[in-house]
Amino acid sequence: MADQVAERIVTRRGPIVSSWERLKRRLKSKSFRSGVATTMATILAIAGALMILFPIAWMLSTSLKTKFGVFKIPPEWIPMNPQWHNYSEALTFNPFHIYFKNTIFYAVSVMIGELLSCSLIAYGFARLRAPGRDKLFLAVLATMMLPAQVTIIPRYIFFVRVLGWRDSYKPLIVPAFFGSAYLIFLLRQFYMGISKEMDEAARIDGCGYFSTWWRIILPLSKPALGAVAILSFMWHWNTFMGPLLYLSSNKKYTLSLGLQMFRAPFGGTPFHWLMAASLVTVLPCVIVFFFTQRYFIQGIVITGLKG
Amino acid sequence: MGVLARVIPEGKQARRETLAFYFSISPWIIGTLFFTIGPVIASLLLSFTKYSPGVGFKLPVWLGLENYQTLIHDRIVWKSLQVTVYYTILAVPLGIVASLSLAVLLNQDVPGLSIFRTIYYLPSVITGVAVSFLWMWILNPQFGIINYVIAVLVGPSGIIPLGIQGPKWFFSEQWAVPGLVVMSLWGLGGPMIIYLASLQGVPTPLYDAATIDGANAWQRFRHITLPLISPVILFTFITGMIGSFQVFTQAYIISGGDGGPNYATMFYVLNIFMNAFRFYRMGYASALAWILFWIILALTLLSLRASRRMIYYEAPGERR
């Protein structure tokens, strides 16, 4: 035994280490522990992602069942006979094609209005100098903090009673052309990051202030404009209280109002149709989001970090 | 051409720029006057009147402070405050903890970060009526998937037979608001993205130095990460609190518009809406709206004041 130990001392460099010691040392090493940490984090992240996606998958699953199939216990996870015709039924039970058209008209109009107005207004705040400019910008920020409830009642009275815009999209669309504080803030921050040399070069070439805005700043700010367009479109696609207040005739309803039509008392709500229609309502936003997530997330992050 | 530009007197150039500025701002000025400042003043005045426009033209009747006196004795108003505060107390802290944990998790060099970000952010993109209906279905007491899972796990014939039955959620007075909180947690991707971005702004050398000094993961989080992202947490806390005080759509949809069962989902803004547009008590509703404004303002200022000792702000000039 002694000569075996002696042999080990002579033939190996460094301290005597048994294989058990070596295993323990590797388990404690930083690279292994951080590898384990990363793997565990990944597993948790995947589990969480599945839980997040599950409701949407469940929405799809429910939409493909029969009216009473949705009530089966234990529930069918993937329906055996997908009832694709649910979709055509749900969307014709109520005139969803009309609601869809209305919602597109509304969301796109507002998006255009906000894009035009906010980019011009933000340009003024970011690039043009004038007395009182910064105080006015503080006022813009202040309006962001005002809860909407303080203004909805007089706005309703103004639009419906004074202007007579009853059952109309005008109260919903017209204000968009006058700017929106949050988007003005976002664009102004972005514009302030554009190098001033562009402006000066344009000025030297004879551009007035508005040509500079239209021909130089706007094209340069496509990412920010993209973020504004997407935020505006998505927000107004999903909005509920505005249309609820100002639209009364069924044929003018947006999708968010139209979805309510599926409600029936005493548990008679046709969930298979409701889920089908909900999925259709939600789908455009999801698609837009997938194609534009970079702009979207960028917009959120900019206002979140600087806020 | 450049020489010519310098020859033009300062005053004239400045005046043209000022004019251009006010011209470019004009939509905002007009809009704010008509759609913000005007209405704010009008609603303040309205709050002192009784104004119930039905058919035909009626003028507001001056009431002085009577609306405010009525409001103090209105049981429904107090109930609505209670519902709203209950929801806020549950949803905001839980939301922050959940989103922050998720952000920290994803920040561990997880592969495919952008895919995870997309997936977790997805629910925030589809807010609104469809989501409310979806969760009404998921939290359906008899047929919803959540109660089924509860039954399978801890029900009378479940894996661990504890005899626990899933609550009646939106049909129960006690579980309606918690149900809404669960629904709101689905949207934790929104704040998470902001936290993730700010986490990635924490300089790594700080962590390395701490590790060398012997700090473990929790100590690193508590003494480096948390202080450095505390301004962002404050931001999401305040915006989350303001948002939860203004909950309307979910409450309207899941209760069918009446704030039930037994006012368990009568959120404050829902109550304002009902008073203004169902009962046509617009003066009273305006008073309610102004109270909400003061409450939100007070809470925001309180949060800012209370947080001063807890928030670490970098020295000015270091970050911009």
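Protein chains in written order, with the working numbering: chain L, 1 to 307; chain Y, 1001 to 1320. Note that beta-carbon positions come from the ideal geometry of N, C-alpha and C, so glycine has one too. Bear in mind the structure is a predicted one, so any value in this text is a computation, not a measurement.
Ile1160 (chain Y) burial status per 10 Å Cβ neighbour count (16 or more: buried)
Within the second sequence, the letter at position 160 stands for residue 1160 (chain Y). By the 10 Å Cβ count, Ile1160 (chain Y) comes out exposed.
Please work out which residues of its chain come closer than 8 Å, Cβ to Cβ, to Gly1240 (chain Y), disregarding the five sequence neighbours upstream and downstream, and give them in chain order.
Here residue 1240 (chain Y) is taken as the residue at index 240 of the second sequence, counted from 1. For Gly1240 (chain Y), where only same-chain residues beyond five positions count, the Cβ hits under 8 Å are Ala1091, Val1092, Gly1095, Ile1096, Pro1191.
**OP:** In the DSSP assignment, find the unbroken alpha helix (DSSP H) run with Ser1172 (chain Y) in it and report its ends.
**Re:** The count along the second sequence starts at 1 and reaches residue 1172 (chain Y) at position 172. Per DSSP, Ser1172 (chain Y) belongs to no alpha helix (DSSP H) and is neither H nor E.
So, using beta-carbon positions, are Ser108 (chain L) and His272 (chain L) closer together than 7 Å? For the purposes of this step, residue 108 (chain L) is taken as residue 108 along the first sequence, with counting starting at 1. For the purposes of this step, residue 272 (chain L) is taken as residue 272 along the first sequence, with counting starting at 1. Residue identity differs from the one stated: residue 108 (chain L) is Val in this sequence, not Ser. Not closer than 7 Å, so no.
* Below-7 Å beta-carbon distance, Ala1315 (chain Y) vs any chain L residue -> Translated into the one-based positions of the second sequence, residue 1315 (chain Y) becomes position 315. With a pLDDT of only 46 at Ala1315 (chain Y), under the threshold of 50, the placement of this residue in the model should not be trusted; the figure read from the coordinates follows. So, not an interface residue.
**Asked** Does Tyr1284 (chain Y) get closer than 7 Å to chain L when you measure Cβ to Cβ?
**Response** Locating residue 1284 (chain Y) in the second sequence gives position 284, where the first residue counts as 1. For Tyr1284 (chain Y), the answer is no, since every Cβ of chain L falls outside 7 Å of its Cβ.
Lys101 (chain L): first and last residue of the uninterrupted alpha helix (DSSP H) it sits in: In the first sequence, counting from the first residue as 1, residue 101 (chain L) sits at position 101. Segment 96-127, the alpha helix (DSSP H) holding Lys101 (chain L).
task = Look at the Cβ atom of Val1269 (chain Y), then the Cβ atom of Gln149 (chain L), and state whether they are nearer than 7 Å.
result = On the second sequence, position 269 is the one that residue 1269 (chain Y) refers to. On the first sequence, position 149 is the one that residue 149 (chain L) refers to. Yes, the pair counts as a contact, with Cβ atoms nearer than the cut-off.
Margin query: On the DSSP letters alone, give me the boundaries of the alpha helix (DSSP H) that Leu1094 (chain Y) sits inside.
Written below: Position 94 of the second sequence, counting from 1, holds the residue named residue 1094 (chain Y). From DSSP, the alpha helix (DSSP H) with Leu1094 (chain Y) extends over 1075-1106.
- Item | Neighbour list for Ile1212 (chain Y) in chain L, Cβ cutoff strictly below 8 Å | Here residue 1212 (chain Y) refers to the residue found at position 212 of the second sequence. Near Ile1212 (chain Y) there are no residues of chain L at all, since even the closest Cβ is about 12 Å away, more than 8 Å.
Item to check | C-alpha gap between Ala45 (chain L) and Leu1102 (chain Y), whole angstroms | outcome: Mapped onto the first sequence, residue 45 (chain L) falls at position 45. Mapped onto the second sequence, residue 1102 (chain Y) falls at position 102. Roughly 8 Å separates the two Cα atoms.
Q | Environment of Trp213 (chain L) [buried if 16+ CB atoms lie within 10 Å] | A | Residue mapping note: residue 213 (chain L) aligns to position 213 of the first sequence, counting from 1. Trp213 (chain L) comes out buried.
Let's test the definition: count the other Cβ atoms within 10 Å of the Cβ of Arg1305 (chain Y) and tell me whether it reaches 16, buried, or not, exposed. Here the question's residue 1305 (chain Y) lines up with position 305 in the second sequence. Result: exposed.
Exercise for review: Say whether chain L places a C-beta atom closer than 7 Å to the C-beta of Pro1027 (chain Y).
Suggested key: Sequence index remark: in the second sequence, residue 1027 (chain Y) carries index 27 (1-based). Output row for Pro1027 (chain Y): interface = yes.
**OP:** Would you kindly work out how many angstroms separate the C-alpha atoms of Leu141 (chain L) and Ile1242 (chain Y), rounded to a whole number?
**Re:** Indexing the first sequence from 1 puts residue 141 (chain L) at position 141. Indexing the second sequence from 1 puts residue 1242 (chain Y) at position 242. Rounded to whole angstroms, Leu141 (chain L) to Ile1242 (chain Y) spans 15 Å at the Cα level.
- Do you know offhand how far Gly1256 (chain Y)'s Cα is from Asn1147 (chain Y)'s? Within the second sequence, residue 1256 (chain Y) is the residue found at index 256, counting from 1. Within the second sequence, residue 1147 (chain Y) is the residue found at index 147, counting from 1. Their backbone Cα atoms lie some 22 Å apart in a straight line.
**Element boundaries [alpha helix (DSSP H), containing Asn1147 (chain Y)]** = Position 147 of the second sequence holds residue 1147 (chain Y). Counting along the chain, the alpha helix (DSSP H) containing Asn1147 (chain Y) begins and ends at 1145-1154.
Where does Arg129 (chain L) land, buried or exposed, given buried means 16+ other C-beta within 10 angstroms?
Taking the first sequence and counting its residues from 1, the one referred to as residue 129 (chain L) is at position 129. By the 10 Å Cβ count, Arg129 (chain L) comes out exposed.
* Asked: When the Cα of Pro223 (chain L) is compared with those of L:Lys135, L:Leu138, L:Phe190, which residue comes out closest?
  -> One-based indexing of the first sequence puts residue 223 (chain L) at position 223. It is L:Phe190 whose Cα lies nearest to the Cα of Pro223 (chain L).
(Q) Please tell me whether, using a cut-off of 6 Å, the distance from the CB of Pro1227 (chain Y) to the nearest non-hydrogen atom of the ligand ATP is below it. (A) As far as ligands go, the structure on display features none, and thus does not contain the ligand ATP.
Amino acids of chain Y, ordered along the chain, whose beta-carbon sits closer than 7 Å to that of Met241 (chain L): On the first sequence, residue 241 (chain L) is found 241 positions in, with the first residue counted as 1. Near Met241 (chain L) (Cβ distances below 7 Å), the residues of chain Y are Phe1248, Thr1249.
ask   = Where does the unbroken alpha helix (DSSP H) through Asn1275 (chain Y) begin, and where does it stop?
value = The count along the second sequence starts at 1 and reaches residue 1275 (chain Y) at position 275. 1268-1277 is the span of the alpha helix (DSSP H), which, as asked, contains Asn1275 (chain Y).
(Q) With H, G and I counted as helix, E and B as strand and the rest as coil, what does DSSP make of Lys1050 (chain Y)? (A) On the second sequence, position 50 is the one that residue 1050 (chain Y) refers to. If DSSP states are grouped into helix, strand and coil, Lys1050 (chain Y) belongs with the strands.
Per DSSP, cross-strand counterpart(s) of Val1061 (chain Y): To locate residue 1061 (chain Y), count along the second sequence from 1; it is residue 61. The partner list for Val1061 (chain Y) (beta bridge, DSSP) reads Y:Lys1050.
Practice problem: Please name the residue in Y:Ser1286, Y:Asn1275, Y:Gly1201 whose C-alpha comes closest to that of Leu1228 (chain Y). | Solution: Numbered from 1 along the second sequence, position 228 holds the residue referred to as residue 1228 (chain Y). The candidate whose alpha carbon is nearest that of Leu1228 (chain Y) is Y:Gly1201.
Touch check for the region 1069-1084 of chain Y and the region 1250-1266 of chain Y: three-plus C-beta pairs under 8 Å? yes
Exercise. Using the C-alpha atoms, what's the distance from Trp237 (chain L) back to Glu114 (chain L)?
Worked result: Stepping through the first sequence from its first residue, residue 114 (chain L) is reached at position 114. Stepping through the first sequence from its first residue, residue 237 (chain L) is reached at position 237. Their Cα atoms are separated by approximately 14 Å.
query: Applying the criterion that 16 or more other CB atoms from any shown protein chain within 10 Å of the CB defines a buried residue, is Arg127 (chain L) buried or exposed?
result: Here residue 127 (chain L) refers to the residue found at position 127 of the first sequence. By the 10 Å Cβ count, Arg127 (chain L) comes out buried.
Exercise. In chain order, what residues of the region 1088-1109 of chain Y put their CB closer than 7 Å to some CB of chain L?
Worked result: Leu1102, Leu1105, Leu1106, Gln1108, Asp1109
When DSSP labels each residue in this structure, what does Gln83 (chain L) get in the three-state scheme?
Along the first sequence, read from residue 1 onward, the residue named residue 83 (chain L) stands at position 83. It is coil, neither helix nor strand.
Would you say Gly307 (chain L) lies against chain Y (beta-carbon separation less than 7 Å)? As a working note, residue 307 (chain L) is residue 307 in the first sequence. Summary for Gly307 (chain L): the model assigns pLDDT 46, below 50, so the residue's position carries little reliability, and this model does not support an answer.
Q: Could you list which residues in chain L have their beta carbon closer than 9 Å to that of Tyr1312 (chain Y), in chain order?
A: The sequence position of residue 1312 (chain Y) within the second sequence is 312, counting from 1. Here the premise fails: no neighbours, minimum Cβ distance about 15 Å.
- Are the region 225-244 of chain L and the region 31-44 of chain L in contact at 8 Å, needing three or more beta carbon pairs? no
Which of the three DSSP states is assigned to Ile1296 (chain Y) in this structure? Within the second sequence, numbered from 1, the residue matching residue 1296 (chain Y) stands at position 296. Helix at Ile1296 (chain Y).
inquiry  = Less than 6 Å between C-beta atoms, sequence neighbours within five positions excluded: which residues of the same chain meet that for Pro1167 (chain Y)?
reply    = Walking along the second sequence from the start, residue 1167 (chain Y) turns up at place 167. Taken in chain order, the residues that qualify are Trp1175.
To the nearest angstrom, how far is the alpha carbon of Gly1011 (chain Y) from that of Glu1017 (chain Y)? Numbered from 1 along the second sequence, position 11 holds the residue referred to as residue 1011 (chain Y). Numbered from 1 along the second sequence, position 17 holds the residue referred to as residue 1017 (chain Y). When rounded, the distance between both Cα atoms is 10 Å.
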